Amino acid sequence: MALLEIHNLTKTFGDVLAVNDVSLDINSGEFITLLGPSGSGKTTVLRMIAGFEKPDSGKILLNGKDISTKPPYERDVNTVFQDYALFGHMDVITNIEYGLRVKKVSKTQRRAKALEALAQVRLSGLENRKPNQLSGGQRQRVALARALVNRPSILLLDEPLGALDLKLREQMQIELKELQREVGITFIFVTHDQEEALSMSDRIAAFNQGKIEQLGTPREIYEKPQTSFVSDFVGKNNKLEINGRRINIRPEHILVSHSQPSQNQAYSGILKDLIFVGASNRYVVETSVGTITATQAVNEVKAGDSVWVSWSDTKEFSEPTR
Numbered sequence: 020m021a022l023l024e025i026h027n028l029t030k031t032f033g034d035v036l037a038v039n040d041v042s043l044d045i046n047s048g049e050f051i052t053l054l055g056p057s058g059s060g061k062t063t064v065l066r067m068i069a070g071f072e073k074p075d076s077g078k079i080l081l082n083g084k085d086i087s088t089k090p091p092y093e094r095d096v097n098t099v100f101q102d103y104a105l106f107g108h109m110d111v112i113t114n115i116e117y118g119l120r121v122k123k124v125s126k127t128q129r130r131a132k133a134l135e136a137l138a139q140v141r142l143s144g145l146e147n148r149k150p151n152q153l154s155g156g157q158r159q160r161v162a163l164a165r166a167l168v169n170r171p172s173i174l175l176l177d178e179p180l181g182a183l184d185l186k187l188r189e190q191m192q193i194e195l196k197e198l199q200r201e202v203g204i205t206f207i208f209v210t211h212d213q214e215e216a217l218s219m220s221d222r223i224a225a226f227n228q229g230k231i232e233q234l235g236t237p238r239e240i241y242e243k244p245q246t247s248f249v250s251d252f253v254g255k256n257n258k259l260e261i262n263g264r265r266i267n268i269r270p271e272h273i274l275v276s277h278s279q280p281s282q283n284q285a286y287s288g289i290l291k292d293l294i295f296v297g298a299s300n301r302y303v304v305e306t307s308v309g310t311i312t313a314t315q316a317v318n319e320v321k322a323g324d325s326v327w328v329s330w331s332d333t334k335e336f337s338e339p340t341r
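This is the structure we're talking about:
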């Protein structure tokens, strides 16, 4: 039996159908991401799991028990928000202890548990600081420690890294996944960032217009998208029609070269643009089968050059039918 079972969940706000008959099973110890653009329904699903919103219809079962109508404090879940929601007048250790104090855990026990949680998020020694004396990444770790100290069955994370700069966000992605493995708690993570979802998740539920368009591993979502939305939203993509076939090919699977290659898919063209994006280049080539974007080149090329683009047909995937 799954740890969390969502059955036919529906939620409307006025005339807006925010969540449309969503069903999903989540396993114990899993890191699952609800991925989608703004307004796709992912955050509303998370808020219904947390108890902040009530479903219009459908059920949410945790360990086989219906929690659909229970208030948040009666659910064995905790939430980490993007804005951290720390108490500014409390120091770090008191913030972390807060939930334990509400549960009337003894002072000695809650201090020991809070210090352990602080060590898990690598902030030992900062227990007496106030939130305004911490960096954004440190505040995020305190929010995580406060949520984890209660040892909930499920930790809900609502775009928790969205307020961090790129470098710190990438660092926190690694640390968050390591922490999840360490504590063994089920994480349900909400984001609109596809790279974040692909790098961290065991499975991804891709949301669009209130529904799950596809559920699968990051590799399945990226390499075998089942709908046009998933194909377009997750990763960059070349959509081409060749000899009556509509195909998709990712830019990283395409090679640009000056000489005609031996690959089974090869087309000549003109390099219209070369875009420097830091760790790699992006090559935009005009060909007889359309404009193709690639990220690899055999040798140095420049805009205006006559070039070839090529790829193996094993890297193609068919245009989804829906």
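Take the sequence shown: its position 20, counted from the start at 1, is 39 in this note's numbering, and no numbers get skipped. Ideal Cβ positions, reconstructed from N, Cα and C, are used throughout, including at glycine. The structure presented is a predicted model; accordingly, all values stated were derived computationally and were not measured.
{"Check": "Runs of alpha helix (DSSP H) lying entirely within the stretch 146 to 203, each at least 4 residues, in chain order", "Outcome": "155 to 167 and 185 to 202"}
{"Check": "Rounded distance between the beta-carbons of R301 and T314, thought under 8 Å", "Outcome": "6 Å"}
{"Check": "Range covered by the alpha helix (DSSP H) that runs through Y17", "Outcome": "A question about residue 17 goes unanswered here, because the residues of the chain that appear run from 20 up to 341."}
{"Check": "C-beta contact flag for K149 and D177 at 7 Å", "Outcome": "no"}
{"Check": "Bridge partner(s) assigned by DSSP for D85", "Outcome": "L80"}
{"Check": "Residues of its chain near E305, where Cβ-Cβ distance is below 7 Å and the 5 sequence neighbours each way are ignored", "Outcome": "G288, I289 and K291"}
{"Check": "Start-to-end residues for the beta strand (DSSP E) that takes in S247", "Outcome": "Here S247 belongs to no beta strand (DSSP E); instead the alpha helix (DSSP H) covers S247 to F252."}
{"Check": "Opening and closing residue of the beta strand (DSSP E) in which T52 lies", "Outcome": "F50 to L54"}
{"Check": "7 Å Cβ shell around Q343 - same chain, five flanking residues per side excluded", "Outcome": "Given that the chain is displayed from residue 20 to residue 341, the structure contains no residue 343 and the question cannot be resolved."}
{"Check": "Where V320 falls: helix, strand or coil (DSSP)", "Outcome": "coil"}
{"Check": "Residues that R222 bridges to, as DSSP identifies them", "Outcome": "I51"}
{"Check": "Beta-ladder partner(s) of V304, from DSSP", "Outcome": "L290 and I311"}
{"Check": "CB of L54 within 7 Å of CB of I231, strictly", "Outcome": "no"}
{"Check": "Those runs of the beta strand (DSSP E) which lie wholly inside the stretch 88 to 127 and span at least 3 residues", "Outcome": "96 to 100"}
{"Check": "Cα-Cα separation between R115 and M191, rounded to whole angstroms", "Outcome": "Residue 115 is actually Ile in this sequence, not Arg. In a straight line, the C-alpha of I115 is about 19 Å away from that of M191."}
{"Check": "Burial state of P74, where buried means 16 or more other Cβ atoms lie within 10 Å", "Outcome": "buried"}
{"Check": "Coarse secondary structure for R264, derived from DSSP in three states", "Outcome": "strand"}
{"Check": "Proximity of P171 and D95 at Cβ, strictly below 7 Å", "Outcome": "yes"}
{"Check": "Q284 in three-state terms, based on DSSP", "Outcome": "strand"}
{"Check": "Local conformation of E239 per DSSP, three classes", "Outcome": "helix"}
{"Check": "Pair within 7 Å by beta-carbon distance, G235 and N39", "Outcome": "no"}
{"Check": "Rounded separation between L274 and F252 - CA only", "Outcome": "23 Å"}
{"Check": "Touching by the beta-carbon criterion (3+ pairs, under 8 Å), the stretch 203 to 223 and the stretch 45 to 60", "Outcome": "yes"}
{"Check": "Sequence-distant residues of its chain with Cβ nearer than 8 Å to V308 (five each side left out)", "Outcome": "L259, E260, I261 and Y286"}
{"Check": "The stretch 153 to 162 contacting the stretch 77 to 92, beta-carbon criterion three pairs below 8 Å", "Outcome": "no"}
{"Check": "V320 to E214 span [Cα, whole Å]", "Outcome": "28 Å"}
{"Check": "Environment of K132 [buried if 16+ CB atoms lie within 10 Å]", "Outcome": "buried"}
{"Check": "Per-residue DSSP class, three states only, for D34", "Outcome": "coil"}
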